[in-house]
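Protein chains in written order, with our numbering: chain A, 1 to 368; chain B, 369 to 539.
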Amino acid sequence: MSEKYTWDRSGKADDDVQDLEQKLSVLRYDQPFKGQMQSPPRRSRLPLFAAAAAALLLVGGIAGLKLLGSKSPGKEGVAAREPRAGDTVARQVVACSEASSNAAGWMVTTLSGMPSCGERAMEAQAILPVGGLLETDDSSSAEVTVANIGRVVLSPNSRLTLETTGETEHRLQLDRGKLYAKIDAPPRLFLVETPSALAVDLGCEYSLEVQEQGITHLHVTMGYVSLEKDDNEVYVPAGYMSDALPGRGPIAPYADNASPSLREGLLQMVRAPLARQEALSVVLRETSSARDTLTLWHLLSRADDSECEAIVQRLGDIAGAVQEGSCGDTGMREAWREHLESLWNSAGAPTNGPMPSKGGKMKGKKDK
Amino acid sequence: MKNASDSALVEQALQGDQAAFGELYLRYRGAVHAIALARLSPHEAGDLVQDVFERALSRLRKLRKPSAFRSWLLMIARNGSIDYYRKRKPMGDNPELISQESPPHAEAMQIIETIRKFPDAYRETLIMRLVEGMTGPEIAERTGLRPESVRVNLHRGMKLLRDALGVEVEQ
Numbered sequence: 001m002s003e004k005y006t007w008d009r010s011g012k013a014d015d016d017v018q019d020l021e022q023k024l025s026v027l028r029y030d031q032p033f034k035g036q037m038q039s040p041p042r043r044s045r046l047p048l049f050a051a052a053a054a055a056l057l058l059v060g061g062i063a064g065l066k067l068l069g070s071k072s073p074g075k076e077g078v079a080a081r082e083p084r085a086g087d088t089v090a091r092q093v094v095a096c097s098e099a100s101s102n103a104a105g106w107m108v109t110t111l112s113g114m115p116s117c118g119e120r121a122m123e124a125q126a127i128l129p130v131g132g133l134l135e136t137d138d139s140s141s142a143e144v145t146v147a148n149i150g151r152v153v154l155s156p157n158s159r160l161t162l163e164t165t166g167e168t169e170h171r172l173q174l175d176r177g178k179l180y181a182k183i184d185a186p187p188r189l190f191l192v193e194t195p196s197a198l199a200v201d202l203g204c205e206y207s208l209e210v211q212e213q214g215i216t217h218l219h220v221t222m223g224y225v226s227l228e229k230d231d232n233e234v235y236v237p238a239g240y241m242s243d244a245l246p247g248r249g250p251i252a253p254y255a256d257n258a259s260p261s262l263r264e265g266l267l268q269m270v271r272a273p274l275a276r277q278e279a280l281s282v283v284l285r286e287t288s289s290a291r292d293t294l295t296l297w298h299l300l301s302r303a304d305d306s307e308c309e310a311i312v313q314r315l316g317d318i319a320g321a322v323q324e325g326s327c328g329d330t331g332m333r334e335a336w337r338e339h340l341e342s343l344w345n346s347a348g349a350p351t352n353g354p355m356p357s358k359g360g361k362m363k364g365k366k367d368k
Numbered sequence: 369m370k371n372a373s374d375s376a377l378v379e380q381a382l383q384g385d386q387a388a389f390g391e392l393y394l395r396y397r398g399a400v401h402a403i404a405l406a407r408l409s410p411h412e413a414g415d416l417v418q419d420v421f422e423r424a425l426s427r428l429r430k431l432r433k434p435s436a437f438r439s440w441l442l443m444i445a446r447n448g449s450i451d452y453y454r455k456r457k458p459m460g461d462n463p464e465l466i467s468q469e470s471p472p473h474a475e476a477m478q479i480i481e482t483i484r485k486f487p488d489a490y491r492e493t494l495i496m497r498l499v500e501g502m503t504g505p506e507i508a509e510r511t512g513l514r515p516e517s518v519r520v521n522l523h524r525g526m527k528l529l530r531d532a533l534g535v536e537v538e539q
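Pasting the structure below:
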């Protein structure tokens, strides 16, 4: 096989590849664009923000871009709020409007039972305004049309508030329960606050749940979601999950078919610092597949020297090679990512997306 | 205009420059089509290409960073192809429909069916290379993947394809 020819058609022609090119070129698409510009698309008049204060770089299908984050309040002109326990804080009731009205807000449709919108039982449909509360009991559920970019399904025993909606951001707060989101929009346009972390849509489909003790559980089924709390952020691709603990933020993502022991080990590493070594032993024991290397790679940025050695050894066992260097070294983690990417490719873990070079934004620090 | 950056073309398109958006279309048509063909029939893939660019055009003003056009467009394409696939099964699942194609198309679709069994990363890369005629450097440029990653995908994907076609030939 002529690799050069396969790569860029240089060098000696490869007969097999040429034969395939000839056979498959009949399917090439060469039609012109049939759409029309109706009028110049209006540009948003909101100011752009300096890179240092801006949100993460949009990465979409690019692997290996360095992602910078800023959690400063007031980002993008929207007043940031601390997550609040909606059950315990009194808030002014904002009424929902009838579906037939021209009121501003998002359309809510009853899927089962009788959800309440604006603290009143709703009919088949209603308009959820900014500040409005949507709540379901154990026999009800509802679907929310998120502007023109997707939908959210609110499961039974759940509660959310529409915080903001606009050209640059759509934000919900999930106080409790579970929602499923399917969003088709540029990255970081749709966000969901929970008590433990902020879930930032990067173009995807996922479920998000606030569990007992305030743990936020994320499962991504398409695309990517960024889960963030202060300086702690992880990028969770399709087929993976992550959890965020109150006050601690998210743990490393793990495959959605990983053992419960792996998840528990990752949680214990954060919850119980004194038992961290024991918890890491569990994690290392429970990681064995190509998909698990994604989890281990995220841990590199959170490991001290002794942990680093053990994690690197485990990665080497699975990946069949070892990259030298310390875990605090960005170059070392980048080298691991380059090496593991082909493993993730063959395992089916999507890498045509925002895989961070730092394994989340821990900068070599341990989980707190 | 052919040498203009994506950012510059997006900015011009936002001012109503149809030619600028047209250049973006020509630049990414192949990549979008490859993503679509990885799951859908040729007819559906062609429809999806038009849908994706129409959607991109209608939402262009929501793109906060013009330099992110590529990744944003390809995300729309992937999500769109998955949605299409879930609603309708591709022709590849219906041997009778394949047999109604002209012979060159039928043979090509059988190869595509083989490629569709491969992991996502190999699938799209192979289709970009073999169907759309893009070189490895062009694939890296259009997808944002590092050239090294594309090289690995092409090499391994091609090996899988040779092995798979070799097995079928023997049978």
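Glycine included, every Cβ here is placed at the ideal spot set by N, Cα and C.
Residue ranges of uninterrupted beta strand (DSSP E) with 3 or more members, entirely inside the stretch 139-210 of chain A and ordered along the chain, are 141-146, 150-154, 158-165, 170-183, 190-193, 198-201, 205-210. Put simply, the CB of F190(A) is far from chain B, with every gap to its CB atoms at 8 Å or more.
Taking 8 Å as the CB threshold, P237(A) stays off the interface with chain B. For L128(A) and Y452(B), the gap between their C-alpha atoms comes out near 30 Å. Using beta-carbon distances, E412(B) does not count as an interface residue toward chain A, since no partner is under 8 Å. In the three-state reduction of the DSSP assignment, K4(A) falls in the helix class. DSSP places P410(B) in the uninterrupted alpha helix (DSSP H) bounded by 410-426. Residue-level contact check: Y452(B) does not touch chain A, since none of the beta carbons of chain A fall below 8 Å from its beta carbon.
At a cut-off of 8 Å between C-beta atoms, E21(A) counts as an interface residue with respect to chain B.
For D374(B), the uninterrupted alpha helix (DSSP H) segment begins and ends at 374-382. Taking 8 Å as the upper bound for CB-CB distance, M496(B) and G398(B) are in contact here, some 6 Å apart.
A distance below 7 Å between beta-carbons, with the five flanking residues on each side excluded, links S439(B) to the following residues of its chain, in chain order: G512.
In this structure, DSSP gives V518(B) a helical state, which the three-state scheme calls helix. Taking a cut-off of 8 Å on C-beta distances, the stretch 10-23 of chain A touches the stretch 474-484 of chain B, as three or more cross pairs fall below it. Annotated three-state conformation of K229(A) is strand, per DSSP. The continuous beta strand (DSSP E) containing V108(A) extends over residues 106-112. For Q31(A), the C-beta contacts it makes with chain B under 7 Å involve G414, in order along the chain.
When secondary structure is reduced to three states using DSSP, Y453(B) falls in the helix class. Bridge pairing for Y224(A): P237(A) [DSSP]. For E228(A), no Cβ of chain B is located within less than 8 Å of the residue's own Cβ. By the neighbour-count definition (other C-beta atoms within 10 Å, threshold 16), M443(B) is a buried residue.
Burial is judged here by how many other beta carbons sit within 10 angstroms of a residue's own beta carbon; V144(A) has at least 16 and is buried. Per the C-alpha coordinates, the member of Q277(A), D184(A), D231(A) positioned closest to L198(A) is D231(A). Counting of Cβ neighbours within 10 angstroms places Q213(A) among the exposed residues, the total staying below 16.
Cα atoms of A404(B) and A489(B): separation of roughly 13 Å, rounded to the nearest angstrom. One Cα belongs to G504(B), the other to V17(A), and the distance between them is close to 13 Å. Here K370(B) has E391 as same chain residues with Cβ atoms under 8 Å from its own Cβ, once five neighbours each way along the sequence are excluded.
Among the CB atoms of chain A, one or more fall inside 8 Å of the CB of V417(B). The beta carbon of L431(B) sits closer than 8 Å to some beta carbon of chain A. A straight line joining the alpha-carbon of H523(B) with that of A474(B) spans about 25 Å.
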